[in-house]
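Reviewing the structure listed below.
Protein chains: 2
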Amino acid sequence: MRIGELSRRTGVPVPTIKYYVREGLLPPGELSSPNQAHYDEVHERRLRLIRVLLEVGGLKVAAIAEVLGAIDDPGRPLHKVLGAAADRLGGQGVADDDAETATARATVEQLIARRGWRTHESNPAAEDLSRALAAMGRVGHGASTELLDGYADAAEIVARADLGYVSRRVAVEDLVESVVVGTVLGEVVFNAIRRLAHVDASARLYGAGDEWEGSGADGPGEGSGG
Amino acid sequence: MRIGELSRRTGVPVPTIKYYVREGLLPPGELSSPNQAHYDEVHERRLRLIRVLLEVGGLKVAAIAEVLGAIDDPGRPLHKVLGAAADRLGGQGVADDDAETATARATVEQLIARRGWRTHESNPAAEDLSRALAAMGRVGHGASTELLDGYADAAEIVARADLGYVSRRVAVEDLVESVVVGTVLGEVVFNAIRRLAHVDASARLYGAGDEWEGSGADGPGEGSGG
DNA sequence: TGGGAATAGATAGTGGCGCTATCTGCTATC
DNA sequence: GATAGCAGATAGCGCCACTATCTATTCCCA
Numbered sequence: 006m007r008i009g010e011l012s013r014r015t016g017v018p019v020p021t022i023k024y025y026v027r028e029g030l031l032p033p034g035e036l037s038s039p040n041q042a043h044y045d046e047v048h049e050r051r052l053r054l055i056r057v058l059l060e061v062g063g064l065k066v067a068a069i070a071e072v073l074g075a076i077d078d079p080g081r082p083l084h085k086v087l088g089a090a091a092d093r094l095g096g097q098g099v100a101d102d103d104a105e106t107a108t109a110r111a112t113v114e115q116l117i118a119r120r121g122w123r124t125h126e127s128n129p130a131a132e133d134l135s136r137a138l139a140a141m142g143r144v145g146h147g148a149s150t151e152l153l154d155g156y157a158d159a160a161e162i163v164a165r166a167d168l169g170y171v172s173r174r175v176a177v178e179d180l181v182e183s184v185v186v187g188t189v190l191g192e193v194v195f196n197a198i199r200r201l202a203h204v205d206a207s208a209r210l211y212g213a214g215d216e217w218e219g220s221g222a223d224g225p226g227e228g229s230g231g
Numbered sequence: 006m007r008i009g010e011l012s013r014r015t016g017v018p019v020p021t022i023k024y025y026v027r028e029g030l031l032p033p034g035e036l037s038s039p040n041q042a043h044y045d046e047v048h049e050r051r052l053r054l055i056r057v058l059l060e061v062g063g064l065k066v067a068a069i070a071e072v073l074g075a076i077d078d079p080g081r082p083l084h085k086v087l088g089a090a091a092d093r094l095g096g097q098g099v100a101d102d103d104a105e106t107a108t109a110r111a112t113v114e115q116l117i118a119r120r121g122w123r124t125h126e127s128n129p130a131a132e133d134l135s136r137a138l139a140a141m142g143r144v145g146h147g148a149s150t151e152l153l154d155g156y157a158d159a160a161e162i163v164a165r166a167d168l169g170y171v172s173r174r175v176a177v178e179d180l181v182e183s184v185v186v187g188t189v190l191g192e193v194v195f196n197a198i199r200r201l202a203h204v205d206a207s208a209r210l211y212g213a214g215d216e217w218e219g220s221g222a223d224g225p226g227e228g229s230g231g
């Protein structure tokens with residue numbers, strides 16, 4: 006197909022497709038003449054993946070380029086692929102080395118030891134976790150051990166579910182892509198489910214049909230406080 | 006204190022503080038003369054909260070303004086506060102009404118019914134979830150019922166942990182802020198823990214010390230590269 | 001009491017990012 | 001042969017989170 010049809014099928018404007026090619030997200034079409042190129046279903050599939058990673062996953066274009074490059078390179082270790090995808094907290098803020106950060110790092114180390122998790126501290130997720138915990142401490146809402154252990158219990162369940170999901174797709178050619186989608190979109194999916202569960206849990210605990218009603222809430226009827 | 010000291014204490018540049026005041030994130034200082042204002046610990050605390058929400062939570066300035074406005078207005082229902090915080094997926098993409106979206110919506114409805122969750126479909130999290138599931142389907146990696154149920158199990162654990170965390174802070178004046186911090190930063194914290202658990206789970210399953218090795222992985226020793 | 005430093009408030013500019021518009025010369029198709 | 005579409009290149013746009021600069025005023029220490 007030509008670029009116009011690719012655009013029509015995916016809903017992505019032609020200039021945007023060209024932009025993605027320029028940025029290395031999408032391989033160029035196969036040239037049949039100096040100004041004619043053909044695209045196939047691989048391009049279409051890749052383009053859909055790009056859009057989903059961008060719009061739903063919230064990845065930046067540069068991160069997507071890295072991730073896709075890694076998907077196409079079977080020799081690359083997977084943690085590098087996911088490292089590129091871990092963009093939300095990843096490379097933006099340099100960790101300030103204050104007391105909170107040191108405490109948080111120790112907390113993370115203890116958590117990993119307590120769970121018996123097999124991971125080295127080189128894992129960037131550990132650093133991200135330290136940063137987030139330090140931030141919570143800095144605003145006076147430090148996480149308790151109970152909270153962390155609750156999260157860890159839940160995370161183990163999620164990890165098992167994810168592994169089961171991936172192992173069920175035995176098509177090896179899809180494996181890496183499946184892991185990426187599962188990790189990036191799975192995060193979004195889980196976060197939404199978590200918000201759903203919040204509503205239910207607070208409804209059960211506090212009886213009200215609404216959410217955790219804050220101090221002085223005047224009920225579900227939109228009172229004076231608009 | 007004056008703005009310079011506020012800046013020094015928090016590490017936020019003076020022009021940025023002024024910008025936050027302009028944007029309604031931070032209340033202006035108390036004027037003692039036409040060009041002198043005093044700031045106190047409330048400002049300092051608020052400023053730290055803004056930065057954490059921005060840098061770690063990934064919220065946009067406009068979303069933070071809404072959230073903080075709601076924190077300061079005790080009459081506002083809490084789900085509105087959290088709605089403003091649900092910015093990652095929230096108001097950006099209008100749901101395209103294709104077949105995938107319809108399927109996803111039905112899946113979400115079934116999930117909520119299956120769990121017996123007390124939530125109405127007006128909950129924006131449900132719509133976010135539908136969108137994410139539709140996206141996964143669109144790229145050929147649809148989520149299975151098992152995966153969703155696994156996520157739901159985990160989400161219930163997280164919700165219980167969060168509720169316990171909040172209920173332990175009985176200081177009512179902090180309650181809403183605590184919920185916001187717990188929801189926004191808790192998400193970041195959980196996602197990091199999830200990534201940690203992934204590494205452990207795959208190490209356990211596949212034996213290799215590394216992560217899920219992708220297609221054609223030839224062992225932990227970085228072989229010929231595919 | 002003088003003077004450099006800091007301040008409030010206003011306006012304009014910056015850099016990054018994800019596109020989007022336009023242009024040139026060419027090609028497919030009817 | 002006319003019209004539409006195309007590749008590749010360059011420039012511009014809109015949003016966002018700041019950042020720089022300016023004026024008039026006030027602080028504060030010598």
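Residue numbers (the working numbering), protein chains in the order written: chain A, 6 to 231; chain B, 6 to 231. We treat Cβ as the ideally placed atom computed from N, Cα and C, and that holds for glycine.
Beta-bridge analysis with DSSP links His203 of chain B to no other residue. With respect to chain B, the C-beta atom of Asp102 of chain A has no partner C-beta closer than 9 angstroms. Around Met6 of chain A, no beta-carbon contact reaches into chain B at under 9 angstroms, the shortest distance being about 19 angstroms. In its own chain, leaving out the 5 sequence neighbours on each side, no residue places its CB closer than 8 angstroms to the CB of Ile198 of chain A. When 8 angstroms is used as the limit between beta carbons, His48 of chain B is near no residue of chain A, the shortest such separation being about 14 angstroms. Using beta-carbon distances, Leu54 of chain A counts as an interface residue toward chain B, with a partner under 9 angstroms.
Its chain contains Ala42 as the residues whose beta carbon lies nearer than 6 angstroms to that of Leu36 of chain A, once the 5 sequence neighbours on both sides are disregarded; these appear in chain order. Under the DSSP definition of a beta bridge, Ser38 of chain B partners with B:Gln41. If you draw a 10 Å sphere on the C-beta of Asp102 of chain A, you find fewer than 16 other C-beta atoms in it, and that means exposed. Counting every other CB atom within 10 Å of its CB across the protein chains shown gives Thr150 of chain A a total below 16, marking it as exposed. Here Lys65 of chain B is exposed. Its C-beta has fewer than 16 other C-beta atoms within 10 Å. Within its own chain, the residues whose Cβ lies closer than 7 angstroms to the Cβ of Tyr170 of chain A, once the five positions on either side in sequence are excluded, are Gly187, listed in chain order. For the segment 194-205 of chain B, residues whose beta-carbon sits nearer than 7 angstroms to a beta-carbon of chain A comprise Val194, Phe195, Asn196, Ala197, Ile198, Arg199, Arg200, Leu201, Ala202, His203, Val204, Asp205. If you draw a 10 Å sphere on the C-beta of Ser172 of chain B, you find fewer than 16 other C-beta atoms in it, and that means exposed. Val17 of chain A and Ala140 of chain A have their C-alpha atoms some 38 angstroms from each other. Not a single unbroken stretch of the beta strand (DSSP E) spanning 3 or more residues falls wholly within the segment 75-118 of chain B.
Val144, Gly145, His146, Ala148, Ser149, Glu151, Leu152, Leu153, Asp154, Gly155, Tyr156, Ala157, Asp158, Ala159, Ala160, Glu161, Ile162, Val163, Ala164: these are the residues of the segment 144-164 of chain A whose beta carbon lies less than 9 angstroms from some beta carbon of chain B, given in chain order.
In the pairwise beta carbon analysis, the segment 49-68 of chain B is classified as touching the segment 18-28 of chain B: at least three pairs are separated by under 8 angstroms. If you draw a straight line from the Cα of Val184 of chain B to the Cα of Tyr44 of chain A, it comes to about 49 angstroms. No Cβ of chain A is located within less than 9 angstroms of the beta carbon of Tyr25 of chain B. At least one CB of chain B lies nearer than 9 angstroms to the CB of Leu116 of chain A. The count of Cβ pairs closer than 8 angstroms, one atom from the segment 200-209 of chain A and one from the segment 106-125 of chain B, reaches three, so the stretches are in contact. With fewer than 16 neighbouring CB atoms inside 10 Å of its own CB, Arg13 of chain B falls in the exposed class.
In the DSSP assignment, Lys23 of chain A falls within the unbroken alpha helix (DSSP H) covering 19-27. In this structure, the straight-line span from the alpha carbon of His125 of chain B to that of Asp133 of chain B is close to 14 angstroms.
Taking the Cα positions, Ala75 of chain B is about 9 angstroms away from Leu87 of chain B. Around Gly62 of chain A, the same chain offers Val189, Leu190, Val193 as residues with beta carbons nearer than 7 angstroms, after the five sequence neighbours per side are excluded. By the criterion of a C-beta distance shorter than 6 angstroms, Glu182 of chain A is surrounded in its chain by Ile76, once the five residues flanking it on both sides are discounted.
With a threshold of 16 other beta carbon atoms within 10 Å, Glu28 of chain B falls short and is exposed.
One alpha carbon belongs to Leu180 of chain A, the other to Leu138 of chain B, and they sit about 19 angstroms apart. Between Ala68 of chain A and Ala90 of chain A a beta carbon distance of about 7 angstroms is seen, short of the 8 angstroms cut, so the two are scored as contacting.
Taking 8 angstroms as the upper bound for CB-CB distance, Ala166 of chain B and Tyr156 of chain A are in contact here, some 6 angstroms apart.
Close to Tyr44 of chain B, with beta-carbon spacing below 7 angstroms, lies no residue of chain A; the smallest spacing is near 17 angstroms. In the structure shown, Ala148 of chain A adopts coil according to DSSP, grouped into three states. Excluding residues up to 5 positions away in sequence, Leu116 lie with their Cβ nearer than 6 angstroms to the Cβ of Leu153 of chain A in the same chain. Within a 10 Å sphere around the beta-carbon of Glu46 of chain A sit fewer than 16 other beta-carbons, which makes this residue exposed.
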